[in-house]
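One structure is given here, and the rest of the page talks about it.
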Amino acid sequence: MNSSNLKARLIAMNFLEFAVWGAYLTSMGTFLATHGHGSIIGWFYSIQGIVSIFMPGIMGIVADRWIPAQRLLGLCHLIAGAFMAAAGVYGLQEGFNVSVLFTLYACSVAFYMPTLALSNSVAFNALTQAGMDTVKDFPPIRVFGTIGFICTMWIVDLCGFQPTSMQFAVSGGLSILLALYCQTLPACPVKGKSAAEGEQQSLVQALGLDAFKLFKQRRMAIFFIFSMLLGVSLQITNGYANPYITSFKDIAEYANTFGAQHANILISLSQISETCCILLIPFCLKRFDIKRVMMIAMAAWVLRFGLFGTGNPGSGVWMFVLSCIVYGVAFDFFNISGALFVDQNTDKGIRSSAQGLFMIMTNGLGATVGTLSAQAIVNHFVYAADQAAQLDGWRNCWFIFAGYALVVLVLFTLIFREKKAA
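So for the sequence shown, my numbering puts the first residue at 2; every next one is plus one.
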């Protein structure tokens with residue numbers, strides 16, 4: 002297989018991988034709020050963090066020992082797609098039981114989240130077998146994942162699926178399509194029975210448990226704690242930005258504005274910014290140390306939330322747009338510079354486990370605590386208030402989130418110390 006053909010196939014895999022996620026991740030909150038379930042939006046988002054604590058590690062073990070990664074990737078997508086499609090069909094029923102919907106959705110997410118790591122494994126293996134440079138060749142392939150995410154955001158918006166469960170059906174259908182496509186991808190090796198020796202140690206490493214000894218080092222412990230504290234911010238806008246912007250349709254002044262009618266398209270500027278801001282990271286890291294780059298990310302989170310609180314879809318839409326632009330800095334600078342810090346400050350033998358611990362602290366514990374905390378705040382200021390007071394309630398919520406991010410920034414600046422070069 003020539004390199005161009007391989008890249009095209011991996012691009013298709015990445016496009017579909019994130020198109021599955023983009024179909025519902027930013028619009029699911031609006032669907033739940035429209036059907037009177039806005040008070041439990043946080044649970045639908047927090048389940049992603051909960052399953053991310055253990056499911057990727059378990060599936061990684063299975064892929065290493067028994068089922069080739071490309072086959073397991075397809076199997077996970079088949080199961081996830083079936084449950085998500087079932088959630089989509091069930092949610093179309095009048096007066097559906099939200100507990101049943103949540104169960105179907107949670108089962109789907111449990112099998113989808115491991116595919117984020119499995120798809121990387123498949124891509125890295127294929128590029129390595131073809132003698133290609135993963136550092137050079139993978140990022141341009143991965144960019145098409147974000148493009149796929151944006152495409153399904155737009156499709157769901159333009160088809161009018163934001164307030165309906167059809168967004169789940171779209172996601173499920175794409176997941177099943179990817180499950181079939183995965184079976185054509187280059188084969189990945191498995192260890193099989195020859196890995197029986199040292200199995201207990203391998204299990205510990207695969208689950209990332211050996212990386213917890215890094216907490217014995219004060220500097221690394223501080224870093225991981227702040228990773229969790231900043232991870233609190235990661236899923237808040239995914240869950241609540243769309244319902245907030247869509248709520249402006251109930252105000253006559255903003256009812257017919259583009260933003261109020263097409264919140265998903267407006268929010269997609271965040272993903273476009275994310276794609277572009279990746280290019281700024283090498284430039285910034287050459288001029289600043291990792292601490293300052295992460296401080297820039299934390300300051301961007303303050304702006305992200307603060308601009309949401311002060312903007313509107315009318316004359317203040319520029320604040321929404323600017324909030325979406327700074328999201329690229331907030332998300333990329335934190336995740337990528339954090340991963341680089343872990344890579345540069347851990348021993349080679351536990352680097353993979355340390356990266357897994359970084360994901361657990363951010364996308365697992367941090368994001369779970371963040372979405373449930375945000376849910377309590379939004380419920381208090383918005384859904385427990387009468388209609389007339391809800392807009393002010395939303396703004397109070399965004400200012401609270403911005404204040405939290407500012408406190409984390411100040412504490413990180415004062416407490417964390419970069420290691421001095423020899």
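Idealized CB from N, CA, C, for every residue including glycine.
Could you check what DSSP says for M133 in three-state terms: helix, strand or coil? In the three-state scheme derived from DSSP, where H, G and I count as helix and E and B as strand, M133 is classed as coil.
Provide the residue span of the alpha helix (DSSP H) that contains N265, from first to last. Start and end: A264 to C278.
By a C-beta neighbour count over all protein chains shown, 10 Å radius and 16 as the cutoff for buried, is A423 buried or exposed? Model confidence at A423 stands at a pLDDT of 38, short of 50, so the residue's coordinates are unreliable; what they give is reported in the following sentence. It counts as exposed.
Is G1 near G367, with beta carbons less than 7 angstroms apart? Because the chain spans 2 through 423 in this model, residue 1 falls outside it and cannot be assessed.
Closer than 8 angstroms by C-beta to C277: which residues in its own chain qualify, once you throw out the five before and the five after it? Chain order, please. Only residues of its own chain outside the window of five on either side were considered, and among them G329 have a CB closer than 8 angstroms to the CB of C277, listed in chain order.
Nearest residue (CA-CA) to L341, options I282, G96, E95 and G58: It is I282.
Reducing DSSP to helix, strand and coil, say where K8 ends up. In the three-state reduction of the DSSP assignment, K8 falls in the helix class, which pools H, G and I.
Given a cut-off of 7 angstroms on the beta-carbon distance, is the pair T153 and G260 in contact? Not closer than 7 angstroms, so no.
Where T258 falls: helix, strand or coil (DSSP): The answer is coil: DSSP assigns T258 none of H, G, I, E or B.
According to the neighbour-count rule (16 or more other Cβ atoms, all chains shown, within 10 Å of its Cβ), is L175 buried or exposed? L175 should be labelled buried.
Neighbourhood of I416 by C-beta, 7 angstroms cutoff - its chain only, sequence neighbours within 5 removed: Cβ neighbours of I416 within its own chain (closer than 7 angstroms, five residues either side excluded): I223.
Along the chain, which unbroken stretches of the beta strand (DSSP E) at least 3 residues long are found entirely within the stretch 47–116? Runs of the beta strand (DSSP E) lying entirely within the stretch 47–116, each at least 3 residues long, are absent.
Compute the Euclidean distance between the alpha carbons of T147 and N239, then round it to the nearest angstrom. Just so you know, the alpha carbons of T147 and N239 end up roughly 15 angstroms apart.
Do you know whose CA, among I80, S120 and C108, lies nearest I177's CA? It is I80.
Inter-residue spacing [alpha-carbon to alpha-carbon] between S106 and V21: The residue asked about is misnamed: residue 106 is Tyr in this sequence, not Ser. Distance from the CA of Y106 to the CA of V21, rounded to the nearest whole angstrom, comes to 13 angstroms.
With a CB to CB cut of under 6 angstroms and the five nearest residues on each side skipped, what residues in its chain are close to N1? Not covered by the structure: residue 1. The range shown for the chain is 2 to 423.
Which of helix, strand or coil does DSSP assign to D348? The answer is coil: DSSP assigns D348 none of H, G, I, E or B.
Quick one: residues in its chain with C-beta nearer than 7 angstroms to the C-beta of E198, no 5 flanking neighbours on either side, listed in chain order? Here E198 scores only 49 on pLDDT, less than 50, and its place in the model is too uncertain to base an answer on.
On the criterion of 16 or more Cβ atoms from any shown chain inside 10 Å, does V157 qualify as buried, or is it exposed? Per the 10 Å Cβ criterion, buried.
Compare the Cα-Cα distances from P164 to each of L181, T27 and F402 and report the closest residue. Checked all of L181, T27 and F402; the closest Cα to P164 is T27.
With distances taken from CA atoms, which of N397, V99 and L11 is nearest G149? Of the listed residues, the one whose Cα sits closest to G149 is L11.
In whole angstroms, give me the CA-to-CA distance for L215 and M114. The alpha-carbon atoms of L215 and M114 are separated by roughly 25 angstroms.
Just to confirm, is the Cβ distance from Y25 to Q168 under 7 angstroms? Q168 sits close to Y25, with the two beta carbons spaced by under 7 angstroms.
Quick check on DSSP: helix, strand or coil for L186? If DSSP states are grouped into helix, strand and coil, L186 belongs with coil.
beta-carbon G75 near the ligand ZN non-hydrogen atom, thresh 6 angstroms: In the structure shown, the ligand ZN is absent, as is every other ligand, since no ligand is present at all.
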